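What follows is a set of notes on a single structure, which appears directly below.
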Amino acid sequence: MLNKYARAFFTRVLTPFAAFLLRRGVSPDAVTLIGTAGVVAGALVFFPRGEFFWGTIVITVFVFSDLVDGNMARQAGVTSRWGAFLDSTLDRVADGAIFAGFALWYAGDGDSITLCAVAIFCLASGQVVSYTKARGESIGLPVAVNGLIERAERLVISLVAAGLAGLHAFGVPGIGVLLPIALWIVAAGSVVTLGQRVVTVRRESAEADAAAADAEADPGRGPGSGSTARGSGTTP
Numbered sequence: 230m231l232n233k234y235a236r237a238f239f240t241r242v243l244t245p246f247a248a249f250l251l252r253r254g255v256s257p258d259a260v261t262l263i264g265t266a267g268v269v270a271g272a273l274v275f276f277p278r279g280e281f282f283w284g285t286i287v288i289t290v291f292v293f294s295d296l297v298d299g300n301m302a303r304q305a306g307v308t309s310r311w312g313a314f315l316d317s318t319l320d321r322v323a324d325g326a327i328f329a330g331f332a333l334w335y336a337g338d339g340d341s342i343t344l345c346a347v348a349i350f351c352l353a354s355g356q357v358v359s360y361t362k363a364r365g366e367s368i369g370l371p372v373a374v375n376g377l378i379e380r381a382e383r384l385v386i387s388l389v390a391a392g393l394a395g396l397h398a399f400g401v402p403g404i405g406v407l408l409p410i411a412l413w414i415v416a417a418g419s420v421v422t423l424g425q426r427v428v429t430v431r432r433e434s435a436e437a438d439a440a441a442a443d444a445e446a447d448p449g450r451g452p453g454s455g456s457t458a459r460g461s462g463t464t465p
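Quick note, the sequence shown lines up with residues 230 to 465 if you use our numbering.
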């Protein structure tokens with residue numbers, strides 16, 4: 230949901246910066262790699278030590294690379310399947326590092342096996358939620374659903390809560406509870422989103438299979454007839 234509206238806004242805001250990097254000879258792939266490295270470093274250096282405020286600041290700076298690299302590719306006219314693959318793959322790495330950082334904190338000085346398990350669940354469920362859409366699309370289905378907690382929501386909820394919880398180190402009392410609450414919200418929301426995507430893929434696959442069966446039963450209805458057939462623009 231957030232991804233639909235926020236991405237368009239920040240893309241416009243970051244367009245001049247993307248153009249500046251292109252003029253300096255920086256490639257979109259380099260931005261993708263540097264951005265991921267920064268997120269991973271911020272998550273795995275600061276979060277396991279409980280330095281949530283500074284870790285969030287570092288991650289937030291680098292996480293915008295996910296918007297800058299695509300903007301650069303479009304401006305330069307070099308969008309490619311490789312760029313899309315690299316971007317999507319490294320997004321999973323960055324997301325995994327963030328929740329791994331939370332899990333390491335709660336497994337250590339955070340002293341909560343329960344919250345450690347919740348953080349690990351958030352990590353795993355986030356990967357599965359992304360996989361369901363990618364797998365559905367790979368078999369020719371649109372997976373036309375906006376889930377309750379998608380990647381943008383996972384990042385915003387967890388990072389905002391982590392950054393605010395980090396203010397405890399500056400003397401703000403009682404604010405540390407925000408991160409556990411956020412992790413539970415992300416975990417529950419990821420389950421709902423996974424269910425939404427599974428149901429959608431099941432429905433779309435049943436419709437596609439039925440359309441393919443109809444086309445086989447009536448072979449005279451070829452492309453352009455309104456039936457599902459090769460070349461009609463709809464995957465059987």
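C-beta atoms are modelled at their ideal positions from N, C-alpha and C, and glycine is treated no differently. Nothing here was measured: the structure is a model prediction, and the numbers come from that model.
Among the residues of its own chain, which have a CB less than 6 Å from the CB of Gly284, if the five just before and after it don't count? Reading the sequence shown from its first residue, position 55 is the one you call residue 284. Correct list, in chain order: Gly271, Phe275, Phe276.
I'd like to know whether the C-beta atoms of Asp298 and Val255 end up nearer to each other than 7 Å. Along the sequence shown, one-based indexing puts residue 298 at 69. Along the sequence shown, one-based indexing puts residue 255 at 26. No, the pair does not count as a contact, with Cβ atoms beyond the cut-off.
Whole-Å CB distance - Tyr335 paired with Cys345, under 8 Å assumed: Residue 335 sits at position 106 when you count from the first residue of the sequence shown. Residue 345 sits at position 116 when you count from the first residue of the sequence shown. So it is a contact: roughly 4 Å between Cβ atoms.
So what does DSSP say about Ile349, is it helix, strand or coil? If you number the sequence shown from 1, residue 349 lands on position 120. Residue state, collapsed to three classes: helix.
So for Arg253, helix, strand or coil by DSSP? By one-based count along the sequence shown, residue 253 stands at place 24. Reduced to three states, the DSSP call for Arg253 is coil.
Proximity winner among Glu379, Val401, Ala390, relative to Tyr360 (alpha-carbon distances): Taking the sequence shown and counting its residues from 1, the one referred to as residue 360 is at position 131. Taking only the C-alpha atoms, the option nearest Tyr360 is Glu379.
The alpha helix (DSSP H) enclosing Glu436, as first and last residue numbers: For this step, residue 436 is matched to residue 207 along the sequence shown. Where Glu436 is concerned, the enclosing alpha helix (DSSP H) stretches over 407–446.
Are Ala323 and Thr265 touching if we call contact CB-CB under 7 Å? As a first step, residue 323 is located in the sequence shown; it is residue number 94 there, counting from the start. As a first step, residue 265 is located in the sequence shown; it is residue number 36 there, counting from the start. The answer is yes: Cβ separation under 7 Å.
To which residues of the same chain is Leu333 closer than 6 Å at the C-beta, ignoring the five residues directly before and after it? Counting from 1 along the sequence shown, the entry for residue 333 is found at position 104. Excluding sequence neighbours, Leu333 sits near Pro277.
Could you tell me which whole alpha helix (DSSP H) segments of length 4 or greater appear in the segment 247–307? 257–275, 281–292, 294–305
First and last residue of the alpha helix (DSSP H) that includes Asp316? The residue given as residue 316 occupies position 87 in the sequence shown. Taken as a continuous stretch (DSSP letters only), the alpha helix (DSSP H) holding Asp316 covers 310–336.
So, at 7 Å on beta carbons, what are the nonlocal neighbours of Pro409 in its own chain, with the 5 sequence-adjacent residues on each side left out? Counting from one through the sequence shown, the residue named residue 409 turns up at place 180. Closer than 7 Å at Cβ, skipping near neighbours: Leu344.
Would you mind stating whether Val347 and Leu377 have Cβ atoms separated by less than 7 Å? Within the sequence shown, the letter at position 118 stands for residue 347. Within the sequence shown, the letter at position 148 stands for residue 377. For Val347 and Leu377, no; Cβs fall outside 7 Å.
To the nearest angstrom, how far is it from the Cα of Glu280 to the Cα of Phe328? Translated into positions along the sequence shown, residue 280 becomes position 51. Translated into positions along the sequence shown, residue 328 becomes position 99. Taking the straight line joining both Cα atoms gives about 14 Å.
Looking at C-alpha atoms only, which residue of Ile263, Ala398, Ala416, Ala441 is the closest neighbour of Leu384? The residue you call residue 384 lines up with position 155 of the sequence shown. Of Ile263, Ala398, Ala416, Ala441, the residue nearest in Cα terms is Ala416.
CA nearest to the CA of Thr369, picked from Asp443, Ser434, Val292: Position 140 of the sequence shown, counted from the start, is the residue given in the question as residue 369. Checking the sequence shown, residue 369 turns out to be Gly, not Thr. The shortest Cα separation from Gly369 among Asp443, Ser434, Val292 belongs to Ser434.
Is DSSP giving Glu379 helix, strand or coil here? Taking the first residue of the sequence shown as position 1, residue 379 is located at position 150. Note: Glu379 maps to coil in three-state DSSP.
Would you call Ser294 buried or exposed, if buried means 16 or more other Cβ atoms sit within 10 Å of its Cβ? For the purposes of this step, residue 294 is taken as the residue at position 65 of the sequence shown. So Ser294 ends up on the buried side.
Taking all protein chains shown into account, decide if Ile342 is buried (16 or more other Cβ within 10 angstroms of its Cβ) or exposed. As a working mapping, residue 342 is identified with position 113 in the sequence shown. Classification of Ile342: exposed, given that the 10 Å Cβ count is below 16.
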